[in-house]
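Trainee: Chains as they are written, first to last, in the working numbering: chain A, 1 to 230; chain B, 231 to 460. For glycine and all other residues, C-beta sits at the position ideal for the given N, C-alpha and C. Mind having a look at this structure? Questions to follow.
There are 2 protein chains.
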Amino acid sequence: MGIKGMRTVPETGIRKRRILDAAELLFAEHGYDGVTLRKIAADADVDVALTNYHFGSKDGLFRAVFERRAVVLNQARLDALDACLKAAAPYAPTLEDVIEAYLRPLGDIQSSADDGWRHYLSLVAWVNSSTEWGNELMTAYFNPYVQRFIEALRSALPEADEKALHWGYQFMSGALTLTFADTRRMDRLSDGAASSGDAVTGYAHMIPFIAAGFERICGPKSGEDKPLDQ
Amino acid sequence: MGIKGMRTVPETGIRKRRILDAAELLFAEHGYDGVTLRKIAADADVDVALTNYHFGSKDGLFRAVFERRAVVLNQARLDALDACLKAAAPYAPTLEDVIEAYLRPLGDIQSSADDGWRHYLSLVAWVNSSTEWGNELMTAYFNPYVQRFIEALRSALPEADEKALHWGYQFMSGALTLTFADTRRMDRLSDGAASSGDAVTGYAHMIPFIAAGFERICGPKSGEDKPLDQ
DNA sequence: GTCTATATGTTGATAGAC
DNA sequence: GTCTATCAACATATAGAC
């Protein structure tokens with residue numbers, strides 16, 4: 001086989017991969033309905049029919065894109081969380097350490113030069129705020145990990161009210177999601193003082209911001225912290 | 231004119247309004263590309279051609295929907311902010327009062343029975359995290375108001391770093407946006423302990439959470455690390 | 001203002017040659 | 001695995017009768 005200059009490694013998967021990469025970026029930027037298979041194929045520089053050949057349908061392609069990096073991302077975050085818990089053992093980890101273990105891997109990705117991963121985070125942000133896909137995909141792929149994280153939060157905030165804990169997670173998830181989406185609106189709003197592209201500064205502020213929020217509503221003194229008349 | 235049982239009030243605008251209402255809900259739920267004019271017309275119980283007659287194009291309809299409530303919403307929030315500033319004068323308002331002035335009107339809308347307004351907030355959430363519409367529409371309609379709010383924040387946090395202030399606003403905006411989106415994911419995640427439909431509890435937690443976050447990264451003691459009871 | 005009819009293009013998907 | 005050719009369905013938008 002080798003003789004006539006033919007590849008000995010099969011190039012199988014090269015086009016399939018290019019489709020995934022192109023779809024990843026386009027879905028992240030425009031959402032599911034804002035993208036056509038033709039545009040994906042054009043950006044991937046392959047024939048339109050290949051998208052259906054490899055993934056069956058547009059729906060199948062979208063799921064394949066989402067699934068591709070979900071497992072490895074969860075594992076990385078799980079490792080960070082475990083390291084944090086082990087470092088603190090036999091005591092409970094501090095709140096800020098738990099938050100940091102949750103956010104740091106994402107911050108590292110976002111400030112990295114890896115376009116694929118950055119686009120993926122953007123896609124996750126879109127899915128997370130989508131009523132159609134969010135419930136199914138986020139629940140299926142990320143809930144088990146999120147549960148572990150909330151457990152860690154609970155151990156760092158032993159007197160936390162269960163409701164407050166989940167609302168706090170919701171706020172953190174929202175702050176994170178908008179940061180991923182990277183709409184560049186902050187740049188104009190702040191007249192250049194702050195840039196949404198500056199992920200390093202973003203996460204440096206986000207970790208203490210979120211930690212303080214949790215402390216306030218879930219802290220040991222959360223009992224008398226009923227700000228509202230209800 | 232009255233004689234033959236004809237309406238003396240022109241029914242002009244009834245169908246136009248129904249189109250706006252139907253479009254508002256559908257755009258909020260599925261985004262711009264996830265909705266067809268046919269579906270909007272069907273839900274509004276009018277002919278498809280009417281959508282183009284009244285609004286020129288799908289783009290025009292979308293803008294009309296967004297614009298309809300933007301002005302009145304901004305005015306309501308401006309009033310709340312002014313009331314907060316006046317109540318504190320001649321001193322600077324407290325941080326929590328400013329945050330409350332910003333969030334309270336939204337919380338009131340979301341926990342109200344007014345479907346139209348609730349759908350509108352959902353639409354704003356979608357626009358806010360959209361790369362295609364967010365920059366243009368949010369900037370045009372909401373930036374002037376947001377600037378005023380950030381000014382008020384600045385007066386409550388006199389030593390705030392400008393960058394931190396804007397990042398804090400970004401986190402607040404994200405938390406707010408995801409709460410508007412109301413994907414119901416929290417319900418399952420918390421196994422029923424917390425419900426995203428419970429806006430009253432949500433905002434009751436959100437106000438202190440966000441205030442604590444701002445204090446931590448923008449507070450007078452932001453250099454050090456004063457977690458609680460400061 | 002409202003409807004019928006239609007123009008004109010695009011969509012996701014497939015069948016079949018290579 | 002990849003491409004050509006093609007389908008039926010559906011999209012937005014408009015022209016013209018009422």
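1) Going by other Cβ atoms of all chains shown within 10 Å of its Cβ, with 16 needed for buried, is B:A442 buried or exposed?
2) Could you list the residues in the region 367–380 of chain B with a C-beta less than 7 Å from some C-beta on chain A, going in chain order?
3) Compute the beta-carbon to beta-carbon distance between A:L189 and B:N365, rounded to the nearest angstrom, for a pair I have assumed lies under 8 Å.
4) Classify A:K86: buried if its beta carbon has 16 or more other beta carbons within 10 angstroms, exposed otherwise.
5) Keeping to the same chain, check which residues put their C-beta closer than 7 Å to that of A:R154; ignore five residues upstream and five downstream.
6) Taking only the alpha-carbon atoms, compute the straight-line gap between B:V354 and A:V46 and give it to the nearest angstrom.
7) Over what stretch of residues does the alpha helix (DSSP H) that includes B:E392 continue unbroken?
8) Do you know how far the Cα of A:A88 is from the Cα of B:L367?
9) Taking the Cβ atom as the reference point for each residue, do B:T176 and B:G432 lie within a distance shorter than 8 Å?
10) Please decide whether A:N135 counts as near chain B, where near means a Cβ-Cβ distance under 8 Å.
11) Please confirm if B:P335 has its CB atom under 8 Å from at least one CB of chain A.
12) So, does the CB of A:L178 fall closer than 8 Å to a CB anywhere in chain B?
13) How is B:E381 classed by DSSP in three states: helix, strand or coil?
14) Write down the C-beta distance between A:L50 and A:R77 rounded to the nearest angstrom, noting that I regard them as a contact closer than 8 Å.
15) Could you please tell me which residues of the region 85–113 of chain A, in chain order, have their CB closer than 8 Å to any CB of chain B?
16) Would you identify the three-state DSSP class for A:G13, choosing helix, strand or coil?
17) According to the Cβ coordinates, are B:L311 and B:R378 closer than 8 Å?
18) Could you list which residues in chain B have their beta carbon closer than 8 Å to that of A:S155, in chain order?
19) Please state whether the Cβ-Cβ distance between B:S352 and B:A411 is less than 8 Å.
20) Taking beta-carbon pairs under 7 Å, can you tell me which members of the region 430–453 of chain B lie near chain A?
21) Rounded to a whole number of angstroms, what is the C-alpha to C-alpha distance between A:L37 and B:D263?
22) If you draw a straight line from the alpha carbon of A:E24 to that of A:E132, how long is it in whole angstroms?
23) Hey, how far is the Cα of A:A140 from the Cα of A:G60?
24) So is A:Q75 buried or exposed if we call it buried at 16+ other beta carbons inside 10 Å?
25) Please classify A:D97 as buried or exposed, where buried requires at least 16 other C-beta atoms within 10 Å of its C-beta.
26) Are the C-beta atoms of B:G261 and some chain A residue less than 8 Å apart?
27) Taking C-alpha atoms, which residue in B:T407, B:R415, B:A405, B:P388 lies nearest to B:E445?
28) Looking only at its own chain, which residues have a Cβ that is under 7 Å from the Cβ of A:K58, when we skip the five neighbours before and after it?
29) Work out the CA separation of A:V65 and A:H119 for me, nearest whole Å.
30) In terms of alpha-carbon separation, which member of B:G422, B:G449, B:A331, B:P320 lies closest to B:C314?
31) Below 8 Å between beta carbons: does that hold for A:A175 and A:I210?
32) Answer with yes or no whether the minimum CB distance from B:A423 to chain A is below 8 Å.
33) Beta carbon of A:S196, beta carbon of A:M186: below 8 Å?
Mentor: Reading from the atomic positions:
1) buried
2) M368, T369, N373, V376
3) In fact, because the Cβ distance is near 10 Å, the residues do not count as touching under 8 Å.
4) exposed
5) Closer than 7 Å at Cβ, skipping near neighbours: A160, L165.
6) 37 Å
7) 392–411
8) 47 Å
9) The requested residue 176 of chain B does not occur in the structure, where chain B is confined to residues 231 to 460.
10) yes
11) no
12) yes
13) helix
14) Going by Cβ atoms, the distance from A:L50 to A:R77 rounds to 33 Å, so no, they are not a contact pair.
15) Under the 8 Å Cβ criterion, the region 85–113 of chain A contributes no residue.
16) coil
17) yes
18) Taking a Cβ-Cβ threshold of 8 Å, none of the residues of chain B is close to A:S155; the smallest such distance is about 17 Å.
19) A contact, by the Cβ cut-off of 8 Å.
20) V430, T431, G432, A434, H435, M436, I437, P438, F439, I440, A442, G443, E445, R446, I447: these are the residues of the region 430–453 of chain B whose beta carbon lies less than 7 Å from some beta carbon of chain A, given in chain order.
21) 14 Å
22) 18 Å
23) Each residue's Cα considered, the two are about 16 Å apart.
24) exposed
25) Buried, by the Cβ-count rule.
26) Taking Cβ atoms only, chain A reaches closer than 8 Å to B:G261, which makes this a yes.
27) B:P388
28) Listed in chain order, the non-local C-beta contacts of A:K58 below 7 Å within the same chain comprise L37, local neighbours out to five positions each way being set aside.
29) 11 Å
30) Ranked by Cα distance from B:C314, the options B:G422, B:G449, B:A331, B:P320 are led by B:A331.
31) Going by C-beta atoms, A:A175 is nearer than 8 Å to A:I210.
32) yes
33) The answer is yes: Cβ separation under 8 Å.
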